[in-house]
Every structure is written in C-alpha cells, then in structure tokens.
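For the sequence shown, counting from 1, position 136 maps to 125 in the numbering used here; every step adds exactly one.
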Amino acid sequence: MPAPLFLRDAPPLPIDDAPLPTRIDVAIVGGGIAGIATALWLARAGVGVLVLEAERVAARASGRNDGQMLLGLGEHYNRIVGQLGRERARLLWDYIRRNNQAMKDEIGFSELACDLVPAGGLRLAVSEHEQRELEEASALMREDGIAHELLPAADVERVLPAARGFFGVLRLPGEAIVQPAAMVRGFARRAREAGARIVEAAAVTAVEPEAEGSRITLADGRSLRCAFVVHCTSTLARELDGSGFLRAQVFPFRGQIHATAELPEALAAQFPPCAMSTHFCYEYFRCYRQRFVVGGMRWSVPGEQLGILDDSRHDERVAANLRAFVDRHFPALARQPFAEQWTGIMAGTADALPLLGALPGRPGVFALLGFNGYGLSFAFQAGRSLAEIIVEGKASHPMVASFAPRRFA
Ligand SMILES: Cc1cc2nc3c(=O)[nH]c(=O)nc-3n(C[C@H](O)[C@H](O)[C@H](O)COP(=O)(O)OP(=O)(O)OC[C@H]3O[C@@H](n4cnc5c(N)ncnc54)[C@H](O)[C@@H]3O)c2cc1C
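See below:
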C-alpha cells in the first residue's frame, strides 16, 4: 500500500541523530498526537522531555485519520448524557471544546500550515431513528447552552448539495477539519523549539522500574534512565507495561479510509469545507484539496475489525461497502473511483473514555492513550492535563478525574 495521503503530503521532521542523554526527567514512548502534545506542554513548563518514536512522528493513527476535530464524540449528546449523566456530559463537552479551541489557537499562533478549516461540522441522520435522536440531543444542548442548529430533511441539500437520502442534519459550529499529519508534525516542531528532544526510528523494547524511576531500552541496544515515563503508544505496544494493565484495559480496532482523485471543481463545490459524518459517526467524510475522503463501515463486516493490529493493508469487503454507501448518498460521485486507500489502528477502552494519568501501582509511570477513535477531540488538551499532573500533581479540569486509569483497577 503506498503511504497514506496525509502522511505523503506532510513534510517530515528533520532527523535528530544526536546521542541520547543518559538520564532525562520525562521519557515519552510514542510520537503520535498524544506523545507530541504531552512533550509540547512539558517542554513549555521547563521540564526535560524526550520522545522516542519507533517510526516517524504521526506515522500511525495520528497521520492516517480523517482530520475531523469533532465536538462531543460520535455519540450524539443525548447518548453522552445517558452514559455519563448531565453534569459529567457538560464537563466532557467543555473539555473537548477547550481541546479544539486550544488546537486552533496553537495552529494560528504558531502559523502551522496544516489546512485548518474552522467552518464547523454536519452530523447527518441516516435514518428516521437517528433524526429523532438528534432532536433529543438538540433539546438537551439547547438547555445546556451548546451552540448548534438542527435542520429537517428538506434543508439537507441546502447545506450539502451532493447529499441524498438523509433525514436531517445537526450543525455544530465549533467543529473543524485539518490535515492531521501536518498538524502533528507542526506541533512536534514547536515542541522542539520549546526544548523537547524528539527522536525517530527509536523503538522501545523495555520499560523497567528502578529505585528512582525507569530504565528504557531500545531495539538497537541504546538505553537511558528517566524519572517519569509516559506510555503514548496507543494500543501498539501494550507489552511495554509489565504490569499487564494496558493489555487488559485497551483493545485495538482498525479503521479504513478511501479517497478519490481530485474532483472537477464544480463537483467538489457540492461539498462544504467542513467535518461531516452520519450513522453516529460510523461513516465520516470530508473534502481535502478537492478529493473526497471517506471512512467507516467497519461495523459492516464480521468481527467489526476488532483486535486487528495490521495497518499495512485494507479490507476489500469494507471497501465495497463504503463504495455502496457513497453511491447511495452521493450519486454525483458514482463515476469517481476510489484512488487511494489506507487503514489505521485505534485504541478502545470499556467506557469509551481515554486513559490519562498514573498507572495503578506503578509510581512514575503514566499513560495517555485509548481515545476510542476521537484522538483529535482529546489529545491536545489531554497532553496539557498530563503535564499538569506531572509538574503540579493535579490537573486543573474536573473532567480529568474521569480519565484516571485507576477507574479500571
Ligand atoms: C481511519 C481512522 C480515522 C480516524 N478519524 C479520526 C477523526 O476524524 N477525528 C479524530 O479525532 N480521530 C480520528 N481517528 C482517531 C485518531 O487518529 C487517534 O485517536 C489518534 O491519532 C491516536 O493518537 P495516539 O498518539 O494515541 O496514537 P498513534 O497515532 O497511533 O501513535 C502511537 C505512536 O506510538 C509509536 N510506537 C508504537 N510502538 C512503539 C514502541 N515500541 N516504541 C516507540 N514508539 C512506538 C507508533 O509508531 C505511533 O507513532 C481516526 C483513526 C483512524 C485509524
């Protein structure tokens, strides 16, 4: 499979091949959005920090996702309220809103070239049932002061001219789209400017507890010591946590994306430049530089792509079902074959919330992972929260207590 589109279009970081330090305050294993965000905030707090990334920064899910900065996860607000209760649902929304705002501010302030379009998002109802749930969500959001607009089926074509067969649409003005690989590599450059070391081609093979911190060993035999270590390897290196906690609490699942070649201008203009999804976000789509990019349908095959760790190939059955989805809902694209496909591995947890904080019974060992397919909604702010925990002993946002790994202990 050729390199995924967003990774191909994102300039890599300059190589750092200086010798590793023998000791560092904080070692972060994994250079996706979680590891890079944590490094950025720690470096800005004056902490000595080193990221060890097995491949290139953003090589895995962080450079292979759809770049949708969503609010409130895939579940509509009524379902979030149902799962968490009203107060925690409000807190979760506030946390994600702050995350998205902080990312937009950082991109603007740092002048990162990453195709950010802060034009909001559309949640389309794929069935009458989903539209009824959007109505329930809308009523709760209105009471909680969350900006949105709910439109009936008759108005869908006005906001998304190419769309057919949807039952209504919820507009969320705070959402955005971005080129994810370019964004994360941009954050990595800023982290370096703040003093972080980010070393690529540095696969970690062991993290062992010592009297004062941890000893880290790399596949090429290099090693170093650190006071604190942070696991930011999603579900890709659970064995590095010798306690078995991560293996027990985090599970992999694979997502698949396809992109057309560049569309004729008039056709591309039928898609607004914003985040779009349907079917409770199981299917998601957007335009990127005049290509139509669509993902989802993992639910449509036996096993739902759960437990898969191989992102070097795609599933033809998922491809066929995504093709049928596009032809049904966007007939204007029927003559536009998929020109690209790629997959990426995500990390799930039992309650669909991330793990952020100290691992139970492992002093000095932290994790930030398990975003359940919504890493762009959490990870930037979550890196800041984790930096607060490491530097000040406590995170400032009350929602962070709900992300503590000890909830599963
Ligand atoms: C198809 C798809 C579509 C998605 N769409 C969206 C979306 O639109 N919006 C959204 O919010 N989220 C989306 N996501 C989810 C999002 O991409 C993830 O939640 C997020 O990227 C996770 O970031 P991470 O840093 O935890 O993990 P990753 O990006 O997977 O990073 C983990 C890093 O650890 C490194 N690593 C692994 N083992 C080792 C080791 N032994 N030593 C050193 N390094 C190691 C890996 O190389 C990797 O770079 C999507 C995901 C996929 C796959």
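Quick reminder that beta carbons are idealized off the backbone N, C-alpha and C, glycines included.
Query raised in the report: Hey, is GLN57 close to ligand 1, as in C-beta under 6 angstroms from one of its heavy atoms?
Result: Here the question's residue 57 lines up with position 68 in the sequence shown. With a cutoff of 6 angstroms, GLN57 counts as near ligand 1, since its C-beta is closer than that to a heavy atom of the ligand.
Query raised in the report: Are three or more beta carbon pairs between the stretch 136 to 147 and the stretch 15 to 29 nearer than 8 angstroms?
Result: No, the stretch 136 to 147 is not in contact with the stretch 15 to 29.
Report task. Could you tell me whether any non-hydrogen atom of ligand 1 is closer than 6 angstroms to the CB of VAL167? Result -> Mapped onto the sequence shown, residue 167 falls at position 178. VAL167: no, Cβ never under 6 angstroms from ligand 1.
Query - Contact the stretch 252 to 261 vs the stretch 52 to 65: 3+ CB pairs below 8 angstroms - result: Of all C-beta pairs linking the stretch 252 to 261 to the stretch 52 to 65, fewer than three are shorter than 8 angstroms, placing the two stretches out of contact.
Query raised in the report: Between ARG186 and ligand 1, is the CB less than 6 angstroms from at least one heavy atom?
Result: Numbered from 1 along the sequence shown, position 197 holds the residue referred to as residue 186. Because no heavy atom of ligand 1 lies under 6 angstroms away, the Cβ of ARG186 does not count as near it: no.
Query raised in the report: What do you reckon, are the CB atoms on LEU113 and PHE155 nearer than 7 angstroms?
Result: Residue numbering aside, residue 113 sits at position 124 when the sequence shown is read from its first letter. Residue numbering aside, residue 155 sits at position 166 when the sequence shown is read from its first letter. Contact flag set, yes.
Report task. State buried or exposed for MET335, treating a residue as buried only when at least 16 other CB atoms are found within 10 Å of its CB. Result -> Taking the first residue of the sequence shown as position 1, residue 335 is located at position 346. When all chains shown are included, MET335 counts as buried.
Report task. Output the boundary residues of the beta strand (DSSP E) element that contains ARG280. Result -> Within the sequence shown, the letter at position 291 stands for residue 280. Unbroken beta strand (DSSP E) run through ARG280: 280 to 284.
Requested in this report: Report the residue ranges of all beta strand (DSSP E) runs contained in full by the stretch 195 to 231; include only those spanning at least 3 residues, in chain order.
Outcome: As summarised for the stretch 195 to 231, the continuous beta strand (DSSP E) elements at least 3 residues long and confined to that stretch are 202 to 207, 212 to 220, given in chain order.
Query raised in the report: Quick one: any contact between the stretch 8 to 27 and the stretch 180 to 189, if contact means 3 or more CB pairs under 8 angstroms?
Result: At 8 angstroms Cβ cutoff, the stretches touch.
**Report entry** Assigned secondary structure, ILE4 (DSSP; H/G/I helix, E/B strand, else coil)
**Finding:** In the sequence shown, counting from the first residue as 1, residue 4 sits at position 15. Reduced to three states, the DSSP call for ILE4 is coil.
Query raised in the report: Relative to ligand 1, is the shortest distance from any of its heavy atoms to the C-beta of ASN54 smaller than 6 angstroms?
Result: As a position in the sequence shown, residue 54 is number 65, starting the count at 1. ASN54: yes, Cβ under 6 angstroms from ligand 1.
Query - As assigned by DSSP and simplified to three states, the class of GLY19 - result: If you number the sequence shown from 1, residue 19 lands on position 30. If DSSP states are grouped into helix, strand and coil, GLY19 belongs with coil.
Query raised in the report: Which of helix, strand or coil does DSSP assign to ARG324?
Result: Numbered from its first residue, the sequence shown carries residue 324 at position 335. It is coil, neither helix nor strand.
Query raised in the report: Which residues share a DSSP beta bridge with VAL188?
Result: In the sequence shown, counting from the first residue as 1, residue 188 sits at position 199. Bridge pairing for VAL188: LEU41 [DSSP].
Requested in this report: Pick helix, strand or coil for MET58, following the three-state DSSP scheme.
Outcome: Locating residue 58 in the sequence shown gives position 69, counting from the first residue. If DSSP states are grouped into helix, strand and coil, MET58 belongs with the strands.
Query raised in the report: Just how far apart, CA to CA, sit GLU329 and PRO(-7)?
Result: Along the sequence shown, read from residue 1 onward, the residue named residue 329 stands at position 340. Along the sequence shown, read from residue 1 onward, the residue named residue -7 stands at position 4. Each residue's Cα considered, the two are about 8 angstroms apart.
Query - Every unbroken beta strand (DSSP E) within the stretch 233 to 264, with a cutoff of 3 residues, ordered by chain - result: Along the length of the stretch 233 to 264, whole beta strand (DSSP E) runs at least 3 residues long occupy 240 to 249, reported in chain order.
Query - For TYR273, the first and last residue of its enclosing beta strand (DSSP E) - result: As a first step, residue 273 is located in the sequence shown; it is residue number 284 there, counting from the start. Per DSSP, TYR273 belongs to the beta strand (DSSP E) from 272 to 277.
Report task. Express the C-alpha separation of ASP299 and GLU42 in angstroms, rounding to a whole number. Result -> The residue labelled residue 42 in the question sits at position 53 within the sequence shown. The residue labelled residue 299 in the question sits at position 310 within the sequence shown. Per the coordinates, the alpha-carbon of GLU42 lies some 18 angstroms from the alpha-carbon of ASP299.
Query raised in the report: Which one or two residues does DSSP pair with PRO141 in a beta bridge?
Result: Position 152 of the sequence shown, counted from the start, is the residue given in the question as residue 141. GLY157.
Query raised in the report: Since ILE205 contacts PRO241 with CB under 8 angstroms, what's their CB separation in whole angstroms?
Result: Within the sequence shown, the letter at position 216 stands for residue 205. Within the sequence shown, the letter at position 252 stands for residue 241. The Cβ separation is near 23 angstroms, so there is no contact.
Query raised in the report: From the DSSP output, which residues share a beta bridge with ILE166?
Result: What you label residue 166 is simply residue 177 of the sequence shown in a count that begins at 1. For ILE166, which the question treats as bridged, DSSP gives the partners GLN57, VAL106.
Query raised in the report: So does the stretch 341 to 357 actually touch the stretch 220 to 234, counting three or more Cβ pairs closer than 8 angstroms?
Result: In short, these stretches touch, since the Cβ pair count reaches three.
Report task. Would you tell me roughly how many angstroms separate the C-alpha atoms of PRO349 and GLY157, rounded to the nearest one? Result -> Against the sequence shown, residue 349 aligns to sequence position 360. Against the sequence shown, residue 157 aligns to sequence position 168. One C-alpha to the other measures close to 45 angstroms.
Query raised in the report: Alpha carbon to alpha carbon, what distance is there between ALA398 and ALA200?
Result: Counting from 1 along the sequence shown, the entry for residue 200 is found at position 211. Counting from 1 along the sequence shown, the entry for residue 398 is found at position 409. So the two alpha carbons sit approximately 23 angstroms from each other.
Query raised in the report: When burial is assigned at 16 or more other CB atoms within 10 Å of the CB, is TRP82 buried or exposed?
Result: Counting from 1 along the sequence shown, the entry for residue 82 is found at position 93. Under this definition TRP82 is a buried residue.
Requested in this report: Taking the CB atoms as reference points, tell me whether ASP14 and GLY35 lie closer together than 7 angstroms.
Outcome: Here the question's residue 14 lines up with position 25 in the sequence shown. Here the question's residue 35 lines up with position 46 in the sequence shown. Contact flag unset, no.
Requested in this report: Go to VAL354, then tell me how far its beta strand (DSSP E) extends in each direction, as first and last residue.
Outcome: Mapped onto the sequence shown, residue 354 falls at position 365. Its beta strand (DSSP E) spans residues 354 to 358.
Query - For LEU2 and PRO326, the rounded distance between their alpha carbons - result: As a working mapping, residue 326 is identified with position 337 in the sequence shown. As a working mapping, residue 2 is identified with position 13 in the sequence shown. Distance between the alpha carbons of PRO326 and LEU2 is about 33 angstroms.
Query raised in the report: With C-beta atoms as the reference, is TRP288 less than 7 angstroms away from TYR273?
Result: Taking the sequence shown and counting its residues from 1, the one referred to as residue 288 is at position 299. Taking the sequence shown and counting its residues from 1, the one referred to as residue 273 is at position 284. With respect to the 7 angstroms criterion, TRP288 and TYR273 are not classified as neighbours on the basis of their beta carbons.
Query raised in the report: Which two residues bound the contiguous alpha helix (DSSP H) that contains ALA126?
Result: The count along the sequence shown starts at 1 and reaches residue 126 at position 137. Following the DSSP letters along the chain, one finds ALA126 inside the alpha helix (DSSP H) bounded by residues 117 to 132.
**Report entry** Cβ contact (3+ pairs, closer than 8 angstroms) linking the stretch 73 to 88 and the stretch 377 to 391
**Finding:** As far as the Cβ criterion goes, the stretch 73 to 88 touches the stretch 377 to 391, which means the pair count is three or higher.
Query - DSSP-derived helix/strand/coil call for MET(-10) - result: Residue mapping note: residue -10 aligns to position 1 of the sequence shown, counting from 1. Coil at MET(-10), not helix or strand.
Requested in this report: Just tell me which of PHE269, ARG312, GLU305 has its CA closest to the CA of VAL282.
Outcome: In the sequence shown, the residue the question calls residue 282 occupies position 293. Of the candidates PHE269, ARG312, GLU305, the one whose C-alpha sits nearest the C-alpha of VAL282 is ARG312.
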